[in-house]
Amino acid sequence: MFTSPKSINRHIHKVKKINVLHTRQKPLVFCVSKYGARLWTGGTSHARVVDLRSDTVTKPGPAMRQAMAEAEVGDDVMGEDPTVNDLQQTAADLFGMEAAIFVPSGTMSNLIAVMVHCRERGDEMIVGDLSHLHIYEQGGSAQLAGVHSTTVTTLPDGTFDLKQLEAKIRHGYPDPHYPRSRLICVENTHNIQGGRVLPLPFLQEVRALADQYGVSLHMDGARVMNAAVAQEVPPSTILQHTHTVSVCLSKGLGCPVGTVLAGPRDFISKALRCRKALGGGMRQAGILAAAGRFSLENMIGRLVEDHRNAKTFALALLDCKPPLFAVDVSAVETNILRFALQDSTMTPQEFCTRMSEVGEDEEAALGQGVQVLMYPHFGNSVRAVWHLGISSEDTRLAIQKMRFVASRYFTGIRH
Amino acid sequence: MALKNTFLFQILEYGSVVCGSPRSGRAATAAILGRSPFRCYYNNAGKPRSRGAGGTSHARVVDLRSDTVTKPGPAMRQAIAEAEVGDDVMGEDPTVNDLQQIAADLFGMEAAIFVPSGTMSNLIAVMVHCRERGDEMIVGDLSHLHIYEQGGSAQLAGVHSTTVTTLPDGTFDLKQLEAKIRHGYPDPHYPRSRLICVENTHNIQGGRVLPLAFLQEVRALADQYGVSLHMDGARVMNAAVAQEVPPSTILQHTHTVSVCLSKGLGSPVGTVLAGPRDFISKALRCRKALGGGMRQAGILAAAGKFSFENMIGRLVEDHRNAKTFALGEHRQPNPPLFAVDVSAVETNILRFALQDSTMTPQEFCTRMGEVGEDEEAALGQGVQVLMYPHFGNSVRAVWHLGISAEDTRLAIQKMRFVASRYFTGIRH
């Protein structure tokens, strides 16, 4: 579908072509959609690209590709793919859960969790107002699953106020005015708030509240392995507090596709049905599960490097004179960095554009062109995400680029 | 982390999950016998499947349960390993983009989108065609969409369905179709008809190819009433090969189509949904909402590309083998134990009934799936032929790239062995 820049443009509501650089191969077109998402169609042949848009861009390396090519497969809808079965068992054990199921995406995993936990007419779920589930999943829980949501206010550290949570739990049921609260969702690490790790006591307290009112607790743990590495605990230590969890394999863990949903056995057997209904029943999925297995065996420990690189960049932002960037370095706990611009010369959008293009005198000043890709983010901030495709050298270049942009374009006008 | 156990989920028909311990070496075989966890056969509803007598390590397995069991070979695996990838949610996976373009061109459609399964593809088609509150779809009463997709069109998409009676050749009566189209709208009593679905080839009716003239007439009716026409073309490549036409000749009559890569075409995963450009852009949104937005999906799309380039022509062998087996049954000595309409065996699916009441289809499949006591002595080797009991008290067998002419010969031999051993000649 997106085979040419022109076809991409047709799908964008608001196109801002900032700097079109024609290379020998293809033009570089940087397009901005109305929703802030970026479409990237390649770079100049000389510039180095440092892609900090998301850890979803991670690509499989040679060893992982070999694992996929050699995977033993079967029909997973019939339950006969040994590699999928193995991955599911491995994941369940690692998470301290009874069982697990492999699904094509985190969105589907969360949707299945909602469909299973809230399977009766009139059920309600409580979710953070800045959670991925609430913001980025197209309202699927309502649109497809027919479940009503209510939200709690997300605090900067990714948690929420327990008193507010308790008040949101429906106390009037079975009075027919009221939905029935069936599910609380937490997100760990918290994406929008900048990769924040939920404190274990918080999880313990949420679980206690959930148990008190007979409500389930699901964790959108897309990046829970980052949390585990940051807290230096096994994932099961975190997940002991939740009934079920979604864990992405395709983000920092580097797999091409997939997420694992884990929980009690009867939950997973119902999840199987929901997965099929949604169209997530894949056949020889062992091709993908082999990569998942490889990730769980080899790619958890290295997450600490992503955290380190994110922190390095954060410190450099803070170091910047004059202080153009507002960043709470203590809040940079994992691989996601969220920062604001204190200088009103540029919007976050414009800053991201400047960082991604190769400026006119940049090669002269820096020795090479560097394109650093980031996304403008909630609350007038910028988000940058570190992953296995970003080395410490890339991070150094990104810092250099940041300083270049700062010196060239900021005029020192404060908000 | 060592591979401790191969974990097998055994789902009995009444829906409970039993997680069994592994069985060395024969795990896959034991799991295969007598198990069809996700198919609800109305004539067998509620009965747990028998496990069969177990396989021996010497037995040859001829797996005719479905063409979904096809596995990627060395060349396809190499294509998978070498695939150039990107983030497909960002539209940046070149292999996925390429596959989608190839598919669109092959089908004569404006655009296409790669999705994890045929179920999702059909569901997306319903969600896009019937996107307003109060819309209704018309679907064959024996269509995969209606029978095997867990009622997703209602459950998830909130769309009301009405059915037309499926005829043995996979078509339906056009007068009945016209009567099902809602003529009273916008009277608030009535849903609004937005979509007609056809299935080609028709699975339950035995891999039947829809006549081009029929498609033309359905499309004319759809156009007359401003209704869309979607084809569940999971096996439309089989139809194209059988009719000896390019797929675009068939698909010119439909607005949109789902085409499976993971069945006879041999890819491990996936289906392509194709149609007009604006349909596909809406389909993209539905795919994301359903959770079908995969990241470096080029891994899978590379296999799909390989399938389109290399694996369409060979489908004619599957058709030939299915026909051979059908004839093998047809030429049974008197009394004829199997009822099979050989002229109805048009592609790779064979549907036949048992005329002898000694065994039910379930029992017959069990016998075919196990190695009998004196079988090795009689036949030289044990052969396990796996099939499914099917609608209307019949049996379904499906040919695919994993079944050679030799396998087919062995299956015929096995069929004759079972016939001679177990049928007592009692007619219905």
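Line by line, the protein sequences are chains A and W. The numbers in the working numbering rise by one with no breaks, and the one at position 407 of the first sequence is 417. The numbers in the working numbering rise by one with no breaks, and the one at position 114 of the second sequence is 157. Ideal Cβ placement from N, Cα and C applies to all residues, glycine included. Please read these numbers as outputs of a predicted model, since none were measured by experiment.
Item	Value
One or two residues paired with residue 178 of chain W in a DSSP bridge	W:235
From W:353, W:118, W:195 and W:144, residue whose alpha carbon lies closest to that of residue 280 of chain W	W:353
Alpha carbon of residue 451 of chain W to alpha carbon of residue 440 of chain W, nearest angstrom	11 Å
Nonlocal neighbours in the same chain, by C-beta distance under 8 Å from residue 235 of chain A, ignoring five residues either side	245, 257, 262, 263, 310 and 313
Neighbour flag for residue 363 of chain A against chain W, beta carbons, 8 Å	no
One or two residues paired with residue 408 of chain W in a DSSP bridge	Its beta-bridge partners do not exist; DSSP assigns none.
Selected residue, minimal CA-CA separation from residue 400 of chain A, among A:384, A:392 and A:391	A:384
Interface flag, residue 70 of chain A vs chain W, CB-CB below 8 Å	yes
Sub-8 Å separation of residue 220 of chain A and residue 227 of chain A beta-carbons	yes
Span of the alpha helix (DSSP H), counted from its first residue to its last, around residue 173 of chain W	No alpha helix (DSSP H) holds residue 173 of chain W; DSSP gives it neither H nor E.
Residue 416 of chain A versus residue 202 of chain A - alpha carbon distance	25 Å
CB contact check: residue 405 of chain W to chain A, cutoff 8 Å	no
Near-chain W residues of the region 291-308 of chain A (beta-carbon distance less than 9 Å), N- to C-terminal order	291, 292, 293, 294, 295, 296, 297, 298, 301, 303, 306 and 307
Exposure label - residue 70 of chain A; buried when at least 16 CB within 10 Å	buried
Simplified DSSP state of residue 466 of chain W, which is helix, strand or coil	coil
Beta-bridge partners of residue 156 of chain W, as assigned by DSSP	W:316
N- and C-terminal bounds of the beta strand (DSSP E) containing residue 135 of chain A	133-138
Close-in-space but distant-in-sequence residues of the same chain around residue 160 of chain A (CB under 7 Å, 5 per side omitted)	134, 136 and 178
Contacts that residue 238 of chain A makes with chain D (C-beta to C-beta distance below 8 Å)	Within the model displayed, chain D is absent; protein chains A and W are what it includes.
Pick from W:228, W:312, W:343 and W:247 that is closest to residue 208 of chain W, judged by C-alpha positions	W:247
Pick from A:142, A:58, A:59 and A:66 that is closest to residue 397 of chain A, judged by C-alpha positions	A:66
DSSP state of residue 384 of chain W mapped onto helix, strand, coil	coil
Where the region 428-453 of chain W meets chain A: residues whose CB sits under 7 Å from a CB there	none
For residue 106 of chain W: DSSP bridge partner residues	W:429
Where residue 273 of chain A sits in the DSSP three-state scheme	strand
Contact set between the region 149-165 of chain W and chain A, restricted to residues whose Cβ is under 9 Å from the partner	154, 155, 156, 158, 159, 160, 161, 162, 163, 164 and 165
Other residues of its chain near residue 123 of chain A: CB distance less than 6 Å, five sequence neighbours each side excluded	228 and 254
Contacts around residue 214 of chain A, its chain only, beta-carbon distance under 6 Å, and the 5 residues preceding and following it disregarded	251
CB contact below 8 Å: residue 328 of chain W versus chain A	yes
Test: residue 274 of chain A CB closer than 8 Å to a CB of chain W	no
Run of the alpha helix (DSSP H) containing residue 348 of chain A, from where it starts to where it stops	Premise fails: residue 348 of chain A lies in the beta strand (DSSP E), 346-351, not in any alpha helix (DSSP H).
Residues of the region 332-349 of chain W with Cβ closer than 9 Å to any Cβ of chain A, in chain order	332, 333, 334, 335, 336, 337, 338, 339, 340, 341, 342, 343 and 346
From A:346, A:389 and A:168, residue whose alpha carbon lies closest to that of residue 319 of chain A	A:346
C-beta atoms of residue 369 of chain W and residue 385 of chain W nearer than 8 Å	yes
Identity of the residue in A:374, A:191, A:420 and A:411 nearest residue 323 of chain A by Cα	A:411
Contact set for residue 227 of chain W: own chain, Cβ-Cβ below 7 Å, skip 5 residues either direction	233
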